[in-house]
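Report on the following structure.
Residue numbers (my numbering), protein chains in the order written: chain A, 889 to 1484; chain B, 129 to 326.
Encoded structure:
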């Protein structure tokens, strides 16, 4: 069976891991020996793109050709960009619904830049292990909204990877610690990364990791500490990109030094300026206290949502480089009244957990299961701009909810609605996700059509919407206009214009994807074939033969069609196997046991 | 695995008979057991059809669990199963009238109170809040005590359904009131007035 890999696509660093025989392993870079790939890309005038450490080294020298912390912009539109970020990045002038950077006459979106890191990690693991990296899980902050998740999935696709699952970072971290081995209990995961903050409360029960509440801030992290410190050596109004970038880099170094030392110097040499200042840890803590305090409100909210008091938490896990800061550790310890776990490297713990979850998905770990939640409520707009909640935050995923729609005018042939995400009462205060239109209704008197719309949040935390006409029972087509993010067509055209010279040919990539899918279903079907009836076997074998023949050609459309055909042919068999396994598990239980 | 029928009710999803009285622990145990079987992570490398069915069935399962595990949401669902639902009017349930009047008056006073008289008023309202919460707990107990009675009377449901409905209506009103009182105490003046239910 092909291995599945786990990737931590971080604001500051990215890592790749897998589940080995002795547990999760991160893959180190052969040259440097470090598993951390700095999430930085630098674009040279020659067209060459530096990724990782080399790009990071160029950041001070060429700040407007170098993109760091791109995760802050995943799934955002230009309107979401904070003023303090505007000066530091080469934003394209006309970018609207999707943030774009303009460098040397080309435009790049955050998913395209993230794809550079993913591709680098893919190559690294392929070199180290001598096998192809195709299927991955990628971690995201638990508090990422729908568009940020979609953007992450787009990045995977642009890197030529099949993203089997998006996993929430704090949840992944709890897997890495293997806390289920000790005992059942309640865990809090406090995750302060470079640019995002998450808090998750989990219940562990017989190998099941059940998230009961999550909260956070997708725009809060160690970067904010750097900014607070850098502000001390910059004059108000100083916004020269070279100077600002250099100050941030120097501040980060000072922050790290202050973890183990009582005082440290900040030396700033850039844009003709030379400044030096020594800070004590106490001073530093005073500057960053507001940042640390901002993390406490989400913690309290998550506890309240879980219906728990801080003292009921059995274990606390720290994740993210910024949790090395002593003030952060003290604040967490004070809140929960217990010493947090710090045994695993906070920079690696998410990747290690992603490796474990990759093992769960590939079937290598059968004793564990992760039940995650949707971080933000989903709703639609009703009269007066009020948000009507359809799915509450902290609902276990996958989950679905149905809503009935009808017409309010005679002979109306289309119905539309807009989906929002957030906790506020009015839609205008929440994030608009997408506008949906149901077209092609039969002209009927007002109120007569009965359209059932299903809102399904999948295991990745991504919304899927389908509609059904309750009278005819037919699936109804639905047009989606997302407010942010890229459409499928845009991703396709990016693949076409891909700046990856290794696999420049889209057709080649689509062919690889189709063949991978074909391989997968052929393998799964072969395994199940001995349970088929004679009648099914004939149909299935014929479909398999056709697919195998097509896979030797280069026609990816035909391969996809035949994959669908084989899926159809094996549907009844797949259902029977599933029914059988459920029945077997339930047979030992009497129905009346459940009813007292 | 094929998706469950779109109209499968929550009890069918769990494979248990329709009853108001459920053993919560047993329900959770079964929820975990079914999750282990159905969850998409268990079918990560299966065919697209099986993966999609796994996702839809798990979605139905989590929805059913969320509804059935809590006695109040289960009772509301019970009404729905019997073609009933709580009205959307804002009328004060008669048993609550006196209490609601008192709360509204106190909140009104608090809004207009001077800084000096605030602490005394606040502690008065906190007392009333305690009363409201006690009343809600009492309703919950009454409801759960009646579950058995209602279960046994499925054959002639009309008067008992009306009984259940009035308890739930009173409870819904109380919950909104409690939320608004708390919001007012927390200083959130933007919150809706106490008698506005949603």
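Beta carbons are placed, not taken as given, at the ideal position from N, Cα and C, and that holds for glycine.
{"Query": "Closer than 8 Å to chain B by CB, residue 1439 (chain A)", "Result": "no"}
{"Query": "Residue closest to residue 1238 (chain A), alpha-carbon to alpha-carbon, out of A:1398, A:890, A:905, A:952", "Result": "A:905"}
{"Query": "Local Cβ density within 10 Å of residue 967 (chain A), reported as buried at 16 or more and exposed below that", "Result": "exposed"}
{"Query": "Below-8 Å beta-carbon distance, residue 1409 (chain A) vs any chain B residue", "Result": "yes"}
{"Query": "Short CB-CB distance (under 8 Å) between residue 1178 (chain A) and chain B", "Result": "no"}
{"Query": "Touch test, the segment 1033-1041 of chain A against the segment 953-963 of chain A, Cβ-Cβ under 8 Å, three pairs minimum", "Result": "yes"}
{"Query": "Residues that residue 160 (chain B) contacts on chain A, provided the C-beta gap is smaller than 9 Å", "Result": "1093, 1094, 1096, 1098, 1257, 1259"}
{"Query": "N- and C-terminal bounds of the alpha helix (DSSP H) containing residue 1005 (chain A)", "Result": "998-1017"}
{"Query": "Distance CB(residue 257 (chain B))-CB(residue 309 (chain B)) smaller than 8 Å", "Result": "yes"}
{"Query": "Distance CB(residue 1488 (chain A))-CB(residue 1195 (chain A)) smaller than 8 Å", "Result": "Because chain A in this structure spans residues 889 to 1484, residue 1488 (chain A) falls outside the shown range and cannot be described."}
{"Query": "Those runs of the alpha helix (DSSP H) which lie wholly inside the segment 1177-1238 of chain A and span at least 4 residues", "Result": "1184-1194, 1214-1224"}
{"Query": "C-beta neighbour in chain B for residue 1248 (chain A), strict 8 Å", "Result": "yes"}
{"Query": "Chain-ordered residues of the segment 209-225 of chain B with a beta carbon less than 7 Å from chain A", "Result": "none"}
{"Query": "Backbone secondary structure at residue 228 (chain B) - three-state DSSP", "Result": "helix"}
{"Query": "Per-residue contacts from residue 173 (chain B) into chain A (C-beta, under 9 Å)", "Result": "889, 890, 892, 1023, 1052, 1249, 1250, 1251, 1408, 1411, 1412"}
{"Query": "Endpoints, beta strand (DSSP E) assigned at residue 1165 (chain A)", "Result": "1161-1168"}
{"Query": "Rounded separation between residue 1044 (chain A) and residue 169 (chain B) - CA only", "Result": "19 Å"}
{"Query": "Residue 175 (chain B) (DSSP reduced to helix, strand or coil)", "Result": "coil"}
{"Query": "Supposed contact pair residue 1100 (chain A) and residue 1089 (chain A) - C-beta distance, whole angstroms, cut 8 Å", "Result": "5 Å"}
{"Query": "For residue 894 (chain A), the three-state DSSP class (helix, strand or coil)", "Result": "strand"}
{"Query": "Buried or exposed by the 16-neighbour rule on C-beta atoms within 10 Å, applied to residue 1260 (chain A)", "Result": "buried"}
{"Query": "For residue 937 (chain A), the three-state DSSP class (helix, strand or coil)", "Result": "strand"}
{"Query": "Beta carbon proximity, residue 138 (chain B) to chain A, threshold 8 Å", "Result": "no"}
{"Query": "Span of the beta strand (DSSP E) around residue 1148 (chain A)", "Result": "Here residue 1148 (chain A) belongs to no beta strand (DSSP E); instead the alpha helix (DSSP H) covers 1129-1148."}
{"Query": "CB contact check: residue 197 (chain B) to chain A, cutoff 8 Å", "Result": "no"}
{"Query": "Spatial distance of residue 1387 (chain A) from residue 923 (chain A) (CA atoms)", "Result": "At residue 1387 (chain A), the pLDDT of 49 sits below 50, so the modelled position is not reliable and the matter cannot be decided from this model."}
{"Query": "Any chain B beta carbon closer than 8 Å to residue 1286 (chain A)", "Result": "yes"}
{"Query": "Any chain B beta carbon closer than 8 Å to residue 862 (chain A)", "Result": "What is shown of chain A runs 889 to 1484, which leaves residue 862 (chain A) out entirely."}
{"Query": "Separation of residue 941 (chain A) from residue 1131 (chain A), as counted between CA atoms", "Result": "21 Å"}
{"Query": "Unbroken alpha helix (DSSP H) run spanning residue 138 (chain B), endpoints", "Result": "138-142"}
{"Query": "The segment 1459-1468 of chain A touching the segment 164-178 of chain B, judged by at least three CB pairs closer than 8 Å", "Result": "yes"}
{"Query": "Contacts of residue 1062 (chain A) in chain B (Cβ-Cβ under 7 Å)", "Result": "Those do not exist, as residue 1062 (chain A) stays about 15 Å from chain B at its closest Cβ, beyond 7 Å."}
{"Query": "Helix, strand or coil at residue 1101 (chain A) [DSSP, three-state]", "Result": "strand"}
{"Query": "Whole-angstrom distance between residue 1275 (chain A) and residue 327 (chain B), CA atom to CA atom", "Result": "No answer is possible for residue 327 (chain B): the residues shown for chain B start at 129 and end at 326."}
{"Query": "The segment 256-270 of chain B contacting the segment 296-308 of chain B, beta-carbon criterion three pairs below 8 Å", "Result": "yes"}
{"Query": "Partners in chain B for residue 1518 (chain A), counting only beta-carbon separations shorter than 9 Å", "Result": "Nothing in the structure corresponds to residue 1518 (chain A), since chain A is present only between 889 and 1484."}
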